[in-house]
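The structure under discussion appears below in the form of structure tokens.
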Amino acid sequence: MRIISFFALVLVVLVACEKELSVEEQFEKDINLIEDYLIENSLQAERTESGLYYIINSQGTGAFPTPNSDVTVRYRGYFLDGSTFDQSVDIGVTFNLQSVIRGWTEGIPLFREGGEGILLIPSKLGYGTNSVGSVPKNSVLIFDVELLEIVD
């Protein structure tokens, strides 16, 4: 019994002492996870300088929003394992692009009004080291998005 208790204690100490990754190390890990996900799912994406990956399935025919625009977007947010953590109602949700995660502020303006596609967001462009709701810290986020309307 003492041996099992000893190993349990050692395990707890090792987990507690696990080194947090630096922002740069986490970013590199996220990029590798995203690239593996793209390969495993036979997807081809573009990458921005900041590390945001995006796939435009339909460009849309309207105007492009700016990073300061009010927009209405229909979306589903999920993790690399496919589990959904958030989803809009069918009519979409309206918000200002300055009030959302950086990956959306940068990614939504890549679509014209009526466009749709996928945003693959490394954690530093998402919630970073913060846990928010059901999203754990340092999570890669994927969003299927449809830009329904530019409101402003």
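In this text, residue positions in the sequence shown follow this note's numbering: the first is 4, and each later residue adds one.
Backbone N, C-alpha and C fix where the C-beta goes; we use that ideal spot for every residue, glycine too.
Exercise for the section: Pull up the CB-CB distance for Ser126 and Ser137, whole angstroms please, since I reckon it's below 8 angstroms. Expected result: By one-based count along the sequence shown, residue 126 stands at place 123. By one-based count along the sequence shown, residue 137 stands at place 134. Actually they are not in contact, since the Cβ atoms of Ser126 and Ser137 sit about 15 angstroms apart, beyond 8 angstroms.
Problem - Where the alpha helix (DSSP H) through Gln90 begins and ends - result: If you number the sequence shown from 1, residue 90 lands on position 87. No alpha helix (DSSP H) contains Gln90, which is instead part of the beta strand (DSSP E) from Thr87 to Gln90.
Handout entry: Distance between Gly129 and Val154 (C-alpha atoms, nearest Å)
Key = The residue given as residue 154 occupies position 151 in the sequence shown. The residue given as residue 129 occupies position 126 in the sequence shown. Taking the straight line joining both Cα atoms gives about 24 angstroms.
Exercise for the section: State buried or exposed for Gly85, treating a residue as buried only when at least 16 other CB atoms are found within 10 Å of its CB. Expected result: In the sequence shown, the residue the question calls residue 85 occupies position 82. Gly85 should be labelled exposed.
Handout entry: Residue environment, Lys22, which counts as buried when at least 16 other CB atoms sit within 10 Å
Key = Sequence index remark: in the sequence shown, residue 22 carries index 19 (1-based). By the 10 Å Cβ count, Lys22 comes out exposed.
Problem - Proximal residues to Asn109 (C-beta, below 8 angstroms), its chain only, five neighbours per side dropped - result: Here residue 109 refers to the residue found at position 106 of the sequence shown. The sequence given here has Glu at residue 109, not Asn. Taken in chain order, the residues that qualify are Thr51, Ser53, Leu55, Pro70 and Leu128.
Practice task
Classify Asp73 as helix, strand or coil using the three-state DSSP reduction.
Solution key: On the sequence shown, position 70 is the one that residue 73 refers to. DSSP places Asp73 in strand when its eight states are reduced to three.
Exercise for the section: Starting from the C-beta of Tyr81, find all residues in its chain whose C-beta is less than 7 angstroms away, skip the five residues before and the five after it, and write them out in chain order. Expected result: For this step, residue 81 is matched to residue 78 along the sequence shown. The answer, listed in chain order, is Thr87, Phe88 and Ile145.
Handout entry: Nearest-angstrom Cα separation, counted from Asp39 out to Ile104
Key = Position 101 of the sequence shown, counted from the start, is the residue given in the question as residue 104. Position 36 of the sequence shown, counted from the start, is the residue given in the question as residue 39. Those two C-alpha atoms are separated by around 23 angstroms.
Exercise for the section: State the start and end residues of the unbroken alpha helix (DSSP H) segment that holds Leu151. Expected result: As a first step, residue 151 is located in the sequence shown; it is residue number 148 there, counting from the start. Counting along the chain, Leu151 falls outside any alpha helix (DSSP H), though it belongs to the beta strand (DSSP E) covering Leu144 to Ile153.
Practice task
Would you mind reading off the limits of the beta strand (DSSP E) that contains Phe30?
Solution key: The sequence position of residue 30 within the sequence shown is 27, counting from 1. Not the beta strand (DSSP E): Phe30 falls in the alpha helix (DSSP H), residues Val26 to Glu43.
Practice task
With DSSP collapsed to three states, give me the class of Arg115.
Solution key: Taking the first residue of the sequence shown as position 1, residue 115 is located at position 112. In the structure shown, the three-state DSSP call for Arg115 is coil.
Problem - Of the residues Leu24, Glu27, Ile121 and Leu150, the one placed nearest Gly83, counting alpha carbons only - result: Here residue 83 corresponds to residue number 80 of the sequence shown, with the count starting at 1. According to the sequence as given, residue 83 is Leu; it is not Gly. The shortest C-alpha to C-alpha distance from Leu83 to any of Leu24, Glu27, Ile121 and Leu150 is the one to Ile121.
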